[in-house]
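What follows is a single structure, written as structure tokens, with notes after it.
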Amino acid sequence: MTKGRTELGDITVHNIKQLKRLNQVVFPVTYNDKFYKDVLEVGDLAKLAYFNDLVVGAVCCREDKSENQRRLYIMTLGCLSPYRRLGIGSVMVEHVLKICENDGNFDNVYLHVQVNNDGAKAFYEKFGFEVVERKTNYYKRIEPADAFVLQKSFKKKNNNSEKETLVNGK
Numbered sequence: 030m031t032k033g034r035t036e037l038g039d040i041t042v043h044n045i046k047q048l049k050r051l052n053q054v055v056f057p058v059t060y061n062d063k064f065y066k067d068v069l070e071v072g073d074l075a076k077l078a079y080f081n082d083l084v085v086g087a088v089c090c091r092e093d094k095s096e097n098q099r100r101l102y103i104m105t106l107g108c109l110s111p112y113r114r115l116g117i118g119s120v121m122v123e124h125v126l127k128i129c130e131n132d133g134n135f136d137n138v139y140l141h142v143q144v145n146n147d148g149a150k151a152f153y154e155k156f157g158f159e160v161v162e163r164k165t166n167y168y169k170r171i172e173p174a175d176a177f178v179l180q181k182s183f184k185k186k187n188n189n190s191e192k193e194t195l196v197n198g199k
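Encoded structure:
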């Protein structure tokens, strides 16, 4: 195992091109300009991963308030193939989970994984993600087009006991 230092850094207007290039290499899908514009607005929800000062990965998330829930959506999380299995992906997932934990008000965190990507599926399952749905024809222009929705749910920290009292009448 190569000894190395993994650090996460902010995505800025000065390094957004590195993120674009990384995503082109790592993912089979292309992200539009709006994606990159939005990434610049989300602060800690988007990070570049550095291994010994080289940009080798990135994670980009956004808050999602759908299905009457407050959710965190991992839009992209990827690492250049020569740098996989060095714990860089784990650092990125742990960063995302720590944001959720510190916030305390996320119902869950979720992402899409191509159905044939067993490696990614197994990777996320190690962190407690579960397949909750299969979306047919989720991806355009790549095969297979189906995706699994992987999700990790949280128990909220906020004062739900008052709400439960009202609901349960106790």
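Take the position in the sequence shown, starting the count at 1, then add 29; the result is the number in the working numbering.
Backbone N, C-alpha and C define an ideal beta-carbon position, used for all residues, glycine too.
Query: Three-way DSSP call (helix, strand, coil) for R163 in this model; Result: strand
Query: Best match in D73, Q143, P57, K49 for proximity to K63 [C-alpha to C-alpha]; Result: K49
Query: Same chain, Cβ closer than 6 Å to V88, neighbours up to 5 away in sequence not counted; Result: K76, L106, M121
Query: Proximity winner among I103, G157, S95, V85, relative to V54 (alpha-carbon distances); Result: V85
Query: Segment contact flag, the segment 134-149 with the segment 98-116, C-beta cutoff 8 Å, min 3 pairs; Result: yes
Query: Residue nearest to L69 in terms of C-alpha spacing, selected from N61, L51, I45; Result: I45
Query: C129 beta carbon less than 8 Å from that of F80; Result: no
Query: DSSP-derived helix/strand/coil call for D39; Result: strand
Query: Q143 classed as buried or exposed, judged by whether at least 16 other C-beta atoms fall within 10 angstroms; Result: buried
Query: Whole runs of the beta strand (DSSP E) within the segment 73-109, excluding any shorter than 3 residues; Result: 75-80, 83-93, 100-108
Query: Beta bridge counterpart(s) of H141 as assigned by DSSP; Result: V178
Query: Per-residue DSSP class, three states only, for P111; Result: helix
Query: Distance, F152 Cα to G116 Cα; Result: 11 Å
Query: F177 beta carbon less than 8 Å from that of V160; Result: yes
Query: Reduced DSSP category for R34 - H, G, I as helix; E, B as strand; rest coil; Result: coil
Query: Exposure of G133, with buried meaning 16 or more beta-carbon neighbours within 10 Å; Result: exposed
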